[in-house]
Amino acid sequence: MKKYLALISLLFTAVTAFSQAKHTVTKASVTFQIKNLGVNTAGTFSGFKGELQLDPAHPEVSRIDASIEVKTINTGSQTRDEHLKGDSYFDAEKYPLITMKSVAFKHKSGNSYTGTFYLTIKDKTSPVELPFTYTETANTATFKGTLNIKRSDYGIGGKSLIMSDDVTVFIDVDTTK
Numbered sequence: 015m016k017k018y019l020a021l022i023s024l025l026f027t028a029v030t031a032f033s034q035a036k037h038t039v040t041k042a043s044v045t046f047q048i049k050n051l052g053v054n055t056a057g058t059f060s061g062f063k064g065e066l067q068l069d070p071a072h073p074e075v076s077r078i079d080a081s082i083e084v085k086t087i088n089t090g091s092q093t094r095d096e097h098l099k100g101d102s103y104f105d106a107e108k109y110p111l112i113t114m115k116s117v118a119f120k121h122k123s124g125n126s127y128t129g130t131f132y133l134t135i136k137d138k139t140s141p142v143e144l145p146f147t148y149t150e151t152a153n154t155a156t157f158k159g160t161l162n163i164k165r166s167d168y169g170i171g172g173k174s175l176i177m178s179d180d181v182t183v184f185i186d187v188d189t190t191k
């Protein structure tokens with residue numbers, strides 16, 4: 015009997031996994047904000063690539079794998095951007111991508127979810143929690159989330175008395191399904 019229950023459970027999981035909506039990214043925005051000299055400084059990354067599959071009815075079988083290109087950082091100052099691409103910050107030549115790979119999802123309420131991801135920056139990987147909303151229309155979906163990280167966890171910028179260790183990242187992705 016246990017074998018039959020295990021087989022039924024395995025088949026249910028396989029069918030559920032194949033019924034997930036695969037999303038094609040149509041627009042993505044990854045922005046960040048950090049205090050520097052007590053003033054909020056913002057920037058963006060482009061070059062977003064991702065594989066997104068989310069089944070709101072079964073978030074436990076959903077997955078998101080995404081990356082952004084470090085060399086696309088833009089803070090509105092070319093000099094600052096080149097400095098941030100250097101080895102004391104992101105070292106874009108050696109570590110060209112920032113990646114996120116989902117581990118688990120939990121439905122909170124309505125269109126609100128929390129995802130646990132492995133975030134990798136400069137070959138340092140840490141688990142992070144990303145609260146996000148997922149909104150569907152007939153053929154489109156939108157993912158919006160805010161992530162708070164410590165730059166020191168990833169070896170970005172070293173110790174500083176004038177630059178905060180706390181960074182807020184805003185992720186906004188539109189897809190077709």
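Count along the sequence shown starting at 1, add 14, and that's the number in our numbering.
By construction, the Cβ of each residue, glycine as well, lies at the ideal position given by its N, Cα and C atoms.
Small disclaimer: the values here were computed from a predicted structure and weren't measured.
Let me check understanding here. Comparing Cα to Cα, which of the options lies closest to residue i?
i: residue 188; options: 150, 77 and 161; result: 150
i: residue 190; options: 154, 59 and 118; result: 154
i: residue 71; options: 122, 186 and 143; result: 122
i: residue 38; options: 57, 65 and 56; result: 65
i: residue 41; options: 174, 156, 164 and 165; result: 156
i: residue 101; options: 175, 182 and 168; result: 168
i: residue 142; options: 113, 99, 104 and 36; result: 113
i: residue 87; options: 111, 129, 59 and 140; result: 59
i: residue 125; options: 146, 95, 152 and 173; result: 146
i: residue 132; options: 67, 36, 90 and 77; result: 77
i: residue 85; options: 91, 107 and 135; result: 107
i: residue 140; options: 162, 173, 148 and 158; result: 162
i: residue 172; options: 105, 90, 134 and 148; result: 105
Which same chain residues, not among the five before or five after residue i, have their C-beta less than 7 angstroms away from its C-beta?
i: residue 137; result: 109
i: residue 73; result: 119, 120, 121 and 127
i: residue 175; result: none
Starting from the C-beta of residue i, find all residues in its chain whose C-beta is less than 6 angstroms away, skip the five residues before and the five after it, and write them out in chain order.
i: residue 177; result: 50
i: residue 83; result: 61
i: residue 184; result: 45 and 160
i: residue 170; result: 103
i: residue 47; result: 54, 56 and 182
i: residue 129; result: 116, 119 and 144
Please name the residue or residues paired with residue i in a DSSP beta bridge.
i: residue 54; result: 49
i: residue 83; result: 111
i: residue 38; result: 190
What residue range does the alpha helix (DSSP H) around residue i cover?
i: residue 97; result: 92-99
At which residues does the beta strand (DSSP E) containing residue i begin and terminate?
i: residue 63; result: 63-68
i: residue 144; result: 138-150
i: residue 162; result: 154-164
i: residue 74; result: Looking at the DSSP string, residue 74 is not in any beta strand (DSSP E), and its letter there is neither H nor E.
i: residue 115; result: 111-123
i: residue 184; result: 177-190
i: residue 171; result: That residue, residue 171, is in no beta strand (DSSP E); it is neither H nor E in DSSP.
i: residue 132; result: 126-135
Write down the C-beta distance between residue i and residue j rounded to the nearest angstrom, noting that I regard them as a contact closer than 8 angstroms.
i: residue 63; j: residue 43; result: With a Cβ gap of about 14 angstroms, residue 63 and residue 43 do not count as contacting.
i: residue 79; j: residue 115; result: 5 angstroms
Which same chain residues end up closer than 8 angstroms to residue i when comparing Cβ atoms and leaving out the 5 residues on each side of it in sequence?
i: residue 179; result: 164, 165 and 166
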